[in-house]
């Protein structure tokens, strides 16, 4: 009988998880589809514009931009770090991160389905209150000196940054400014000049939007699975008496304060973030937590333990502790305030028998919506897989760890492996890649297939005179002459480039790359033994030979560097 009871509980928890997913599947697809489209249509320059302070207007812009970004907590923290490292105000970057995980479309839709419109309204109103509190409390607690140290740290997480270098090499273009994809800056500028109407008519942007949506779904699949499964078992196994111990009740304002404070602590221990928190919130609401406690719990996906460890790595231990404490305080206060507001307006729900206790899968509106949006999901898969046919995919790479779509020119992390750059949505994924030989092997295989498409620089002169392709003299990539957007003519010879970065590199130092024989055979890669400038072989910057402070001679070839960090990395690579 005991075994039968355990089996019944086990099956019951799995059924509840399935029912919750079935009730919300269409909403998840819709939310991710809208989020993916918005990420594709909003340009990167619009994302980074005017975030240099934390004035009210700037914070409002950061919040709006966060709303139209990925809802993944890890991706949000990485994007905030990226914006901060490129000059954005620290608190504005944190506001962006808060909005990205609390004010996004898919979160709101799932809230309505599982908990009701009151929670949806409380999340968005309370989220705005929380961001205001974040900026106010953060400005009072976090010192400018701490922020300055954090900025230096994120610019050089491995300690390779040299103050004399204008830009840390980890943030500069690789391979002489070439990333084997179209420069996103160029496509960004083009997109900014377009009207929204013309963007909506661009099939490439729709294809990229579909890929964004699928990438976000892949990235969050584990969090959502854990959230649904844990919530299902919490609803069927955990007795009400347990919740009454965790969440005190019947003590008026003391109950509201305690529940609002405990909500983020549970989020810290849950290891679940983003949309995966909503099923857990539904289970907590059924268990007896207050309205404000549920809201503060949903707010607190940014203090889940794995993210706290990321803050520690990015910003240092001391600032990470300050951040987490500030987050906890403002999340709890915002949850308490929103409960007071909704209580005064008579909007706090009283029914705790919510969708989490579904009666099963039936032919109702949810089923019809699921079928409709599963068809949309299939269409999105087809569109994403065929995006090259529509002109999509330019300037993007796929994170090999989480499968998120990453803008190459703005990737939060990257590593040079097997002869090419690999891009990641966050430092967390980069570290997982470096620890996983299996993923590295898979990427190596893909890189090998890609390199088969490229021709070496030495093979340039072997092309027939009537060839329709040329070799980019900077990166050695094969370029279709008929469709090449970038070219230069030097001494009567035409040169074709895969993007503007390679063209600019060539135009700045043609003596290094020209193919008419004047390129010295003594030259090795980006060294220089003639001319007035050379190319730093690590970061691709143009260096004035006469004034260069850092140089090295390897095998009789002189190399010049913009800073000591680049020189040290170059020598380390040569001796490895």
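Numbering (the numbering used here), first residue to last: 8 to 583.
Positions of the beta carbon are idealized from the N, C-alpha and C atoms, including for glycine.
In this text, all values refer to a predicted model and were calculated from it rather than measured experimentally.
Rounded to whole angstroms, what's the CA-CA distance from residue i to residue j? Just pull it up for me.
{"i": "residue 227", "j": "residue 147", "result": "34 Å"}
{"i": "residue 541", "j": "residue 577", "result": "15 Å"}
{"i": "residue 75", "j": "residue 133", "result": "18 Å"}
{"i": "residue 149", "j": "residue 302", "result": "25 Å"}
{"i": "residue 406", "j": "residue 431", "result": "5 Å"}
{"i": "residue 392", "j": "residue 355", "result": "45 Å"}
{"i": "residue 62", "j": "residue 552", "result": "44 Å"}
{"i": "residue 345", "j": "residue 127", "result": "12 Å"}
{"i": "residue 107", "j": "residue 357", "result": "29 Å"}
{"i": "residue 423", "j": "residue 579", "result": "14 Å"}
{"i": "residue 445", "j": "residue 252", "result": "45 Å"}
{"i": "residue 129", "j": "residue 267", "result": "14 Å"}
{"i": "residue 153", "j": "residue 351", "result": "40 Å"}
{"i": "residue 435", "j": "residue 500", "result": "46 Å"}
{"i": "residue 15", "j": "residue 241", "result": "14 Å"}
{"i": "residue 184", "j": "residue 381", "result": "Unreliable positioning characterises residue 184 in this predicted model, as indicated by a pLDDT of 35, which lies under 50. A coordinate reading is not provided."}
{"i": "residue 307", "j": "residue 285", "result": "11 Å"}
{"i": "residue 556", "j": "residue 571", "result": "8 Å"}
{"i": "residue 44", "j": "residue 410", "result": "17 Å"}
{"i": "residue 86", "j": "residue 101", "result": "10 Å"}
{"i": "residue 359", "j": "residue 110", "result": "24 Å"}
{"i": "residue 349", "j": "residue 317", "result": "35 Å"}
{"i": "residue 204", "j": "residue 412", "result": "24 Å"}
{"i": "residue 105", "j": "residue 371", "result": "36 Å"}
{"i": "residue 335", "j": "residue 560", "result": "54 Å"}
{"i": "residue 575", "j": "residue 565", "result": "15 Å"}
{"i": "residue 23", "j": "residue 29", "result": "10 Å"}
{"i": "residue 229", "j": "residue 236", "result": "11 Å"}
{"i": "residue 249", "j": "residue 287", "result": "15 Å"}
{"i": "residue 276", "j": "residue 493", "result": "53 Å"}
{"i": "residue 137", "j": "residue 497", "result": "59 Å"}
Give the C-beta separation of residue i and residue j to the nearest angstrom, bearing in mind that I take them to be a contact with Cβ-Cβ under 8 Å.
{"i": "residue 342", "j": "residue 270", "result": "6 Å"}
{"i": "residue 272", "j": "residue 265", "result": "Not confirmed; about 11 Å, so no contact."}
{"i": "residue 69", "j": "residue 91", "result": "About 11 Å separates the two Cβ atoms, so there is no contact after all."}
{"i": "residue 80", "j": "residue 309", "result": "6 Å"}
{"i": "residue 36", "j": "residue 383", "result": "6 Å"}
{"i": "residue 19", "j": "residue 243", "result": "4 Å"}
{"i": "residue 112", "j": "residue 234", "result": "Actually they do not touch by this definition, with Cβ atoms about 18 Å apart."}
{"i": "residue 245", "j": "residue 294", "result": "7 Å"}
{"i": "residue 115", "j": "residue 131", "result": "7 Å"}
{"i": "residue 545", "j": "residue 568", "result": "7 Å"}
{"i": "residue 282", "j": "residue 117", "result": "6 Å"}
Where do the N-terminal and C-terminal ends of the alpha helix (DSSP H) with residue i fall, by residue?
{"i": "residue 117", "result": "112-121"}
{"i": "residue 141", "result": "124-148"}
{"i": "residue 287", "result": "284-294"}
{"i": "residue 568", "result": "No alpha helix (DSSP H) contains residue 568, which is instead part of the beta strand (DSSP E) from 564-568."}
{"i": "residue 540", "result": "That residue, residue 540, is in no alpha helix (DSSP H); its beta strand (DSSP E) goes 540-542."}
{"i": "residue 108", "result": "97-109"}
{"i": "residue 90", "result": "80-92"}
Measure the Cβ-Cβ separation of residue i and residue j and say whether it is below 7 Å.
{"i": "residue 323", "j": "residue 206", "result": "no"}
{"i": "residue 214", "j": "residue 399", "result": "yes"}
{"i": "residue 211", "j": "residue 48", "result": "no"}
{"i": "residue 419", "j": "residue 89", "result": "yes"}
{"i": "residue 83", "j": "residue 58", "result": "no"}
{"i": "residue 122", "j": "residue 289", "result": "yes"}
{"i": "residue 515", "j": "residue 539", "result": "no"}
{"i": "residue 337", "j": "residue 72", "result": "no"}
{"i": "residue 491", "j": "residue 503", "result": "yes"}
{"i": "residue 486", "j": "residue 509", "result": "no"}
{"i": "residue 32", "j": "residue 377", "result": "yes"}
{"i": "residue 442", "j": "residue 408", "result": "no"}
{"i": "residue 157", "j": "residue 332", "result": "no"}
{"i": "residue 263", "j": "residue 299", "result": "yes"}
{"i": "residue 209", "j": "residue 394", "result": "no"}
{"i": "residue 144", "j": "residue 99", "result": "no"}
Between which two residues does the beta strand (DSSP E) containing residue i stretch?
{"i": "residue 497", "result": "493-497"}
{"i": "residue 69", "result": "Here residue 69 belongs to no beta strand (DSSP E); instead the alpha helix (DSSP H) covers 63-74."}
{"i": "residue 559", "result": "557-561"}
{"i": "residue 504", "result": "500-504"}
{"i": "residue 551", "result": "549-551"}
Item to complete: Return the chain-ordered ranges of every alpha helix (DSSP H) run that is complete within the region 375-442 and spans a minimum of 4 residues.
Response: 434-442
Discussion item. List, from N- to C-terminal side, the alpha helix (DSSP H) runs of 4 residues or more that fit wholly inside the region 294-327.
Written reply: 298-306, 312-322
Item to complete: Entirely within the region 238-271 and at least 4 residues each: give me those alpha helix (DSSP H) ranges in chain order.
Response: 247-253
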